[in-house]
Structures are given as structure tokens and as C-alpha cells.
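Asker:
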Amino acid sequence: MNGIRHDDDMTALLSTPVDADTLGRLHLRLEQAAERAGLVDVAYTTVDSPVGRLLLAATPQGLVRVAYAGEDHDRVLEVLGRQLSPRILRAPKRLDAAAREIDEYFARRRQVFDLTLDLSLSRGFRRLVQTRLPEIGYGQTRSYREMAELVGNPRAVRAVGTACATNPLPIVVPCHRVLRADGTLGGYVGGVEAKTTLLNLEAAA
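This is the structure we're talking about:
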């Protein structure tokens, strides 16, 4: 009988709904314990913005990924698990500075990001292009050809386009400021609407 009562008690416990506050507290305890034990290689959170919900991810070296909802956040985390480390945890406090600066950017209170970046997801020519993108000032634009010339390879216009399209840190590393030679938008990881929003935001400052 004791065993039956125990099973009944366990069933009742498992079937009791857990409110969001309790889940939040449990996750916070998990987050803190994992941080203390040094078990978090990639911390992430999500934030709302005028261009949709953004995933922010960071390693101990810095902000490593900004992803649009259209990229599928679950898939992005899966790829980060393969490329960087499977020790990934939602840990918003590690992304507080990034979230704050992105909020300030969209509120037109920030024109330059002051974040430590982890560029380990990029290699070779793509990384070279991405490191030069912040040289395009707020509210300014460059063509893909001009970027190719800037990095010392005027013929590499297509490769510059690929570097912009695969930029793991959109918004913070401003690939949205690169346009086609005729002034049209070109492609963008967040979609044409997001690119237009960002350019209009900066133009209105």
C-alpha cells in the first residue's frame, strides 16, 4: 500500500502545473550554478526589436552571434552547438550589455557599438571583410565594389557579397550599409524589409 500511495503522490506531483515564476526561478538557479561551475561556453537570450525578435549569443570572448527570427533560432543554436560547443544555456545576464546597446541603437541613442566581439565563426576573406564593415559610418553606405577595393581586392565583388550575406553579427557589424553599385539594396540576411528599416533609422538621425 505504501508503494501505491507513493506512486499516487508522485503522479499528483508531476501533474501539478508549474507556474512561469517557479520555472523562471528554477532556470535562474540552473544558470547561476552552471556559471559558477564554468559549464557555459555559449550563453544566449532573445530580445524584441523593430526588425523582429533577435537571438543574441556570446562566448567568454564576446558577442558571437546575432540572428533574425527568419534564420530559425532553434536551428542557429543547433549550429552553434556544432561549431562552438554543445554547452549552451539561456543566460540573459551575460547578454545584458549587448541587449542594452541594441535597444539604444533602435532608440537612436547609439550610433557606434562598444561591444567585445568574438569573430571565430568567420574565416579568411569573409572575416577580413566583416572586420572592415564597422568603418562604414552610421548613416553612410558603400557599394560592394567599394568594399572590395577597401580590402585590397577590387575583383572580389561577389566574395564581398557573400561575406555580407554570411555575417554572423548583423546590425552590430553593419553589413546593411553595403548596397549594389546602382544604389539598390541587394540581399540581406534579415530580409529586404529589415535592411530598409535599418537604413531609414540611420538616415533619420
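Heads up, the sequence shown stops at 413 in our numbering, and the numbers go up one at a time, no gaps.
Yeah, the Cβ is synthetic: ideal placement off N, Cα and C, and Gly gets one too.
What residues in its chain sit with their C-beta under 6 Å from that of G211, if we drop five residues either side in the sequence?
Answerer: For the purposes of this step, residue 211 is identified with residue 3 of the sequence shown, where counting begins at 1. Residue placement at G211 is flagged as unreliable, the pLDDT there being 45, under the threshold of 50; the coordinate-derived value follows with that caveat. Taken in chain order, the list of residues that qualify is empty.
Asker: DSSP has S351 in a bridge; who is on the other side?
Answerer: On the sequence shown, residue 351 is found 143 positions in, with the first residue counted as 1. L387, per the DSSP bridge assignment.
Asker: DSSP puts A251 in a beta bridge; with which residues?
Answerer: Taking the first residue of the sequence shown as position 1, residue 251 is located at position 43. A266 and L297.
Asker: Do P378 and L329 have their CB atoms nearer than 8 Å?
Answerer: Along the sequence shown, read from residue 1 onward, the residue named residue 378 stands at position 170. Along the sequence shown, read from residue 1 onward, the residue named residue 329 stands at position 121. No, Cβ-Cβ distance for P378 and L329 is not below 8 Å.
Asker: CA-CA distance, M209 and L285?
Answerer: Your numbering for residue 209 matches position 1 in the sequence shown. Your numbering for residue 285 matches position 77 in the sequence shown. Only weak support is given to the placement of M209: the predicted model assigns it a pLDDT of 44, under 50, and the value that follows is read from those uncertain coordinates. So the two alpha carbons sit approximately 47 Å from each other.
Asker: So if DSSP puts Y276 in a beta bridge, which residue, or which two residues, is it bridged to?
Answerer: As a working mapping, residue 276 is identified with position 68 in the sequence shown. Answer by DSSP bridge pairing, in chain order: L262.
Asker: To which residues of the same chain is R350 closer than 8 Å at the C-beta, ignoring the five residues directly before and after it?
Answerer: Indexing the sequence shown from 1 puts residue 350 at position 142. Result list for R350: I344, L358, R385, V386 and L387, in chain order.
Asker: Looking at L264 and D326, is the spacing between their C-beta atoms short of 8 Å?
Answerer: By 1-based counting over the sequence shown, the position of residue 326 is 118. By 1-based counting over the sequence shown, the position of residue 264 is 56. Result no, Cβ atoms of D326 and L264 do not sit closer than 8 Å.
Asker: Please determine, among L292, A389 and P258, the residue with the shortest C-alpha to C-alpha distance to Y252.
Answerer: For the purposes of this step, residue 252 is taken as the residue at position 44 of the sequence shown. For the residues L292, A389 and P258, the minimum Cα distance to Y252 belongs to L292.
Asker: I'd like to know whether the C-beta atoms of G260 and A277 end up nearer to each other than 8 Å.
Answerer: In the sequence shown, residue 260 corresponds to position 52, counting from 1. In the sequence shown, residue 277 corresponds to position 69, counting from 1. Result yes, Cβ atoms of G260 and A277 sit closer than 8 Å.
Asker: Which residue's Cα is closest to the Cα of T392: Y352, K301 and V368?
Answerer: Position 184 of the sequence shown, counted from the first residue, corresponds to residue 392. Cα-wise, what sits closest to T392 is Y352.
Asker: Roughly how many angstroms lie between the CA atoms of T324 and E279, to the nearest whole one?
Answerer: Residue numbering aside, residue 324 sits at position 116 when the sequence shown is read from its first letter. Residue numbering aside, residue 279 sits at position 71 when the sequence shown is read from its first letter. Their Cα atoms are separated by approximately 23 Å.
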